[in-house]
C-alpha cells in the first residue's frame, strides 16, 4: 500500500553542518509517527522538508507516492497541514479573521463555513471575535491546530504540539491529535515529550542527524531490553543471582529483595519455569510481574550518551 | 493567484484597521504637504500684504506661466498661484509614500519577528503572491491617502486660490503625475522596501533603502521649482514608462531575493 508520506534518503546541510543525513521512513494513513531526538537532531528540518518548506540537498519526499519537487511543492502543501512550533497567529486580528485568511489562502469554496466548523470542532466558537493576543497559550495552540487543519489535509505534521501547555490544555490537544489519526489521517509529531509519545504514537522514529531507529514502542522495548521479568522475594535477591546466571539467564540485576532478569534467549524460556527454579532453590516469591521499560529508557538506549547535547 | 493575494491583502488591511496608529505619520505628512503650498501661495501674501506676482524673484515664473495654455485667462497673481500649486503636486504624491514606507519596511520583518511567516509559507501561496500582497498592503492606503489629499488640494484651491487656478491644475500633466507617475513611484519605493525587508533584520535598513527611489523625484521637484525642467505630458509619460519597467524589474528581483529557506532557518 502506498504510504501517505515518505522520506527517501533526505539529506540537508547548512554550510558545513549536516543537519539531516540520509533519513528514510514512511508515514501511513491512520498512524501517528513520533519523531523524537535530542535538540539539534534535525527534527524540525526534517519536518520542514516534509512540508515542502525547504528543499532537501539529496533524497526526496513522496506524497501519496508522487515525488514533491519545487514545481509541485505548492500543490503538495494543499494536502499537508503543518502545525509550527510557535502558533504564529496574527495577534491584532480576531481568531475568526486569522482562520478566514487561511481558509481563503487554501482556496476553500466556502471559507466562512469552514471557519465556523473549525471553531466549533476545536471548542473555540465563543472566542471567534476575540483578538488572538487575548488568548491563553492553550487556546492559541488550539487555534493554530484549527488553522493547520482547515483545508482537511490527509497528512498532518505537528511540531511540539503540547510544548509549554498546562496538563489540561495538553490533554485536550492530545485528544484532538488522537482523533486525527482515528479519522484516517497520517500524523507525524515532533516532540521531546516521551510520555506523549507513549500515549499517542503508533510508531517512533528516533533521529540524531541520522535515523537511529523506527519501530513500534513495543518492538523497540523488546528489541532493546528483551522480555524483562521482575520478581520480588521475601529475602535477599543477590543470593539467587549466581544460580540464574549459571542457568543461562541474561542480564540478571538485583536490588534488595528485587530480582530483574531477561528471559528471551535464555535456557529458562518462561516465567513459570523461572519461578519454579527460584522456589526449588529455597526462595520465597512474593510478587512476579513483567517489567516494561519506560520509553525514556528506550530512547536513552537508542540515542546513546550524547543525548541532550 | 488573485484570490490568494486578496486574502493576504485583506489581512494586511485588517491589521492596519486594528492598528491605525501606524498610519498616523502618513496622515500628518500628507496634511503638512497639503498645507505647505497654501501657506506659500495664500497665507504668506495675505500676511505680508505683498502679492506673489509683485515679487521680483518670481517674475520669470510669471512670464513663463502666463503664456502656458492652462494659465491663459488668469491674472498675474492667479498664474503665479497656479505655478506654485503645480510644483507642489509632486510632493503631494510622494508625501504619503514616504510616510507609508515604514509599514512596507516592517511588513516581512514583522512577520519574521512574530513568527507568523512559517505557517504562511506552509500554505500554497507563492513568493510572488506573498510579496504582491505585502506591497499592496502598504500601497493601497498610501494611494487612498494620496487621492484624498489631491481632492482636498483641489477643493482648497477652488475655495482659496484665485478664480481659475483650480481648473489650471486639471491638466494632462498634473493628472498623469497624480494617477500614473505618483502611484508607480509609490509602488517602486514600497517594493524596494518590502524587497529589502525580506533580507534584513532591521526595518530601518529597509526604510532607508526604499527611500532611495524617492530621491530622484525630490530632485525633479527642485528642478521644476528652479525652472530647469518643465513637466510636459511627454516627459511625465516617459517617467511613467521608466517606472513601469523599474516596477517589473523590482518584482522579479524581490522574488529572487526572497529566500524562503534562509528566512526560516535564520529566524527561529
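Residue numbers (my numbering), protein chains in the order written: chain Z, 1 to 309; chain Y, 1001 to 1268.
Quick reminder that beta carbons are idealized off the backbone N, C-alpha and C, glycines included.
This one's a predicted model, so the numbers in the text were calculated from it and none came from an experiment.
The C-alpha of residue 118(Z) is placed about 17 Å away from the C-alpha of residue 161(Z).
In this structure, residue 95(Z) sits away from residue 1011(Y), with a CB-CB distance that is not shorter than 7 Å.
Look at the stretch 121 to 141 of chain Z: the residues with a C-beta under 9 Å from a C-beta of chain Y are 131. For residue 74(Z), the enclosing alpha helix (DSSP H) starts and ends at 73 to 77.
Distance from the CA of residue 1137(Y) to the CA of residue 1247(Y), rounded to the nearest whole angstrom, comes to 16 Å. Between residue 1030(Y) and residue 1095(Y), the C-beta spacing is below 7 Å. For the stretch 98 to 113 of chain Z, the residues whose beta carbon sits under 9 Å from a beta carbon of chain Y are, in order, 98, 100, 101, 102, 103, 104, 105, 106, 107 and 111. One alpha carbon belongs to residue 1004(Y), the other to residue 303(Z), and they sit about 44 Å apart. Here the stretch 236 to 243 of chain Z makes no contact with the stretch 54 to 69 of chain Z; the two share fewer than three CB pairs at distances below 8 Å.
Residue 188(Z) is positioned such that its CB atom lies closer than 7 Å to that of residue 27(Z). Following the DSSP letters along the chain, one finds residue 197(Z) inside the alpha helix (DSSP H) bounded by residues 194 to 200. Using a Cβ-Cβ cut-off of 7 Å, residue 86(Z) counts as an interface residue toward chain Y, since at least one Cβ of chain Y sits closer than that to its own.
Of all residues in the stretch 40 to 55 of chain Z, the ones placed with a Cβ closer than 7 Å to any Cβ belonging to chain Y are 48, 51, 53 and 54, in chain order. At a cut-off of 7 Å between beta-carbon atoms, residue 78(Z) makes contact with chain Y. Taking 9 Å as the upper bound on Cβ-Cβ separation, chain Z lies near no residue of the stretch 1158 to 1190 of chain Y. The alpha-carbon separation between residue 1158(Y) and residue 82(Z) amounts to approximately 58 Å.
Take the alpha-carbon of residue 1026(Y) and the one of residue 41(Z): they are about 47 Å apart. Per DSSP, the beta-bridge partners of residue 80(Z) are 155(Z).
In terms of beta-carbon proximity, residue 1112(Y) stays away from the interface with chain Z, with every pair separated by 7 Å or more. Going by C-alpha positions, residue 123(Z) is about 15 Å away from residue 148(Z).
When the beta-carbon positions are compared, residue 140(Z) and residue 89(Z) come within less than 7 Å of each other.
Within chain Y, the C-beta atoms nearer than 9 Å to that of residue 147(Z) come from 1119, in chain order.
No Cβ of chain Z is located within less than 7 Å of the beta carbon of residue 1134(Y).
In terms of Cβ geometry, residue 257(Z) and residue 233(Z) form a close pair [threshold 7 Å]. With its beta carbon at least 7 Å from every one in chain Z, residue 1152(Y) lies outside the interface.
Closest in alpha carbon position to residue 43(Z), among 18(Z), 217(Z) and 209(Z), is 209(Z).
Shown here, residue 1209(Y) sits in a helix according to DSSP, grouped into three states.
Residue 1052(Y) places its beta carbon less than 7 Å from that of residue 1045(Y). Burial state of residue 1101(Y) is buried, judged by a 10 Å Cβ sphere holding 16 or more other Cβ atoms.
For residue 92(Z), the residues of chain Y that pass the 7 Å Cβ criterion are 1015, 1018 and 1019, in the order they occur in the chain. Just so you know, the alpha carbons of residue 1197(Y) and residue 68(Z) end up roughly 29 Å apart.
Beta-bridge partners assigned by DSSP to residue 1134(Y): none are found. DSSP lists 20(Z) as the bridge partner or partners of residue 12(Z).
Taking 7 Å as the threshold, the shortest C-beta distance from residue 27(Z) to chain Y does not fall below it.
At a beta-carbon threshold of 8 Å, the residues of chain Z lying near residue 1008(Y) are 101 and 105, ordered along the chain. Here residue 1095(Y) carries a helix assignment [DSSP, helix/strand/coil].
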